[in-house]
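Colleague: Each number in the numbering used here corresponds to the 1-based position in the sequence shown with 1 added. Heads up, the beta-carbon is just placed ideally off N, CA and C, and yes, glycines get one too. Have a look at this one.
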Amino acid sequence: MRYAGNIPQKQLADKFLTSRANVSHMMTGRRKMQKDVATTALKNVESNLFKLALSHEFSELIPDVFAGQAVNHNPLSFLVMYEQEANEFNASIDEVMKVFVKPANQLTSNERLTARNNLKELIDVLGWGYNLLFYASDHLNIDAYQLISERDKKWKQNKWI
Numbered sequence: 002m003r004y005a006g007n008i009p010q011k012q013l014a015d016k017f018l019t020s021r022a023n024v025s026h027m028m029t030g031r032r033k034m035q036k037d038v039a040t041t042a043l044k045n046v047e048s049n050l051f052k053l054a055l056s057h058e059f060s061e062l063i064p065d066v067f068a069g070q071a072v073n074h075n076p077l078s079f080l081v082m083y084e085q086e087a088n089e090f091n092a093s094i095d096e097v098m099k100v101f102v103k104p105a106n107q108l109t110s111n112e113r114l115t116a117r118n119n120l121k122e123l124i125d126v127l128g129w130g131y132n133l134l135f136y137a138s139d140h141l142n143i144d145a146y147q148l149i150s151e152r153d154k155k156w157k158q159n160k161w162i
């Protein structure tokens, strides 16, 4: 369990509302975290990076924590990388629009390949965006989960969802 910090297993068990043995099994990889335990963990663990890593573990549609050797673990660096990736995607908007105006069944294989590459650029933007949100939230001691819940309510008011 990445990003849980140096919290003792007994304390994690209390936060997850599960047994210490279950926490031990999850930490060693002998057992995957159960969905109900994960739901409780999202509410009770304060680390935003833990929440992002856990969300990725249950849904690979959410990006993992960018913590590789090539990443400077500073919220400002994440902002710079997010902006750089967003600019790269923005530069290809005209190509994306050309693809979107055509019916999907009329696209050439070259247009499909171009669209696929542009969508990968968008995924890079989203990955850096998620990581920026969670790293900055940790830096500012703000609960990213709560922020997203608040926006969810706003999106419902706007009838976006």
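In three-state DSSP terms, what is Ile94?
Modeller: Indexing the sequence shown from 1 puts residue 94 at position 93. Correct three-state label for Ile94: helix.
Colleague: What are the start and end residues of the alpha helix (DSSP H) that includes Gly30?
Modeller: By one-based count along the sequence shown, residue 30 stands at place 29. Taken as a continuous stretch (DSSP letters only), Gly30 belongs to no alpha helix (DSSP H), as it is neither H nor E.
Colleague: For Ile149, tell me which candidate among Gly69, Leu43 and Pro104 has the shortest Cα-Cα distance.
Modeller: As a first step, residue 149 must be located in the sequence shown, where it is residue number 148. Closest option to Ile149, Cα to Cα, is Leu43.
Colleague: Report buried or exposed for Asn118, applying the criterion of at least 16 other Cβ atoms within 10 angstroms of its Cβ.
Modeller: Start at 1 with the first residue of the sequence shown, and residue 118 comes out as number 117. Exposed, since its Cβ has fewer than 16 Cβ neighbours within 10 Å.
Colleague: Identify every run of the alpha helix (DSSP H) within the region 41–76, keeping only runs that are complete inside it and at least 4 residues long; order them along the chain.
Modeller: Taking only runs of at least 4 residues, the alpha helix (DSSP H) segments lying wholly in the region 41–76 are 49–59.
Colleague: I'd like the ranges of any alpha helix (DSSP H) spanning at least 4 consecutive residues and lying wholly in the region 82–131.
Modeller: Taking only runs of at least 4 residues, the alpha helix (DSSP H) segments lying wholly in the region 82–131 are 94–101.
Colleague: Given a threshold of 16 other Cβ atoms within 10 Å of its Cβ, counted over all protein chains shown, does Trp129 qualify as buried or as exposed?
Modeller: As a working mapping, residue 129 is identified with position 128 in the sequence shown. Buried, because 16 or more other Cβ atoms sit within 10 Å of the Cβ of Trp129.
Colleague: For the 8 Å Cβ check, are there 3 or more pairs between the region 57–65 and the region 16–30?
Modeller: Contact fails: fewer than three Cβ-Cβ distances are below 8 Å.
Colleague: Beta-carbon within less than 7 Å of Glu89's beta-carbon, same chain only, minus the 5 sequence neighbours each way: which residues are those?
Modeller: One-based indexing of the sequence shown puts residue 89 at position 88. Excluding residues within five positions, the ones whose Cβ falls inside 7 Å are Glu122.
Colleague: Please list the terminal residues of the continuous alpha helix (DSSP H) segment that includes Lys16.
Modeller: For this step, residue 16 is matched to residue 15 along the sequence shown. It spans Gln10 to Phe17 - the alpha helix (DSSP H) in which Lys16 sits, taken as one unbroken run.
Colleague: Run the CB neighbour count on Ala92, radius 10 Å, all protein chains shown included, and call it buried at 16 or more, exposed below.
Modeller: Taking the first residue of the sequence shown as 1, we reach residue 92 at position 91. Counting Cβ neighbours within 10 Å, Ala92 comes out exposed, since fewer than 16 surround it.
Colleague: With a threshold of 16 other CB atoms inside 10 Å of the CB of Asp95, please say whether the residue is buried or exposed.
Modeller: Mapped onto the sequence shown, residue 95 falls at position 94. Exposed, since its Cβ has fewer than 16 Cβ neighbours within 10 Å.
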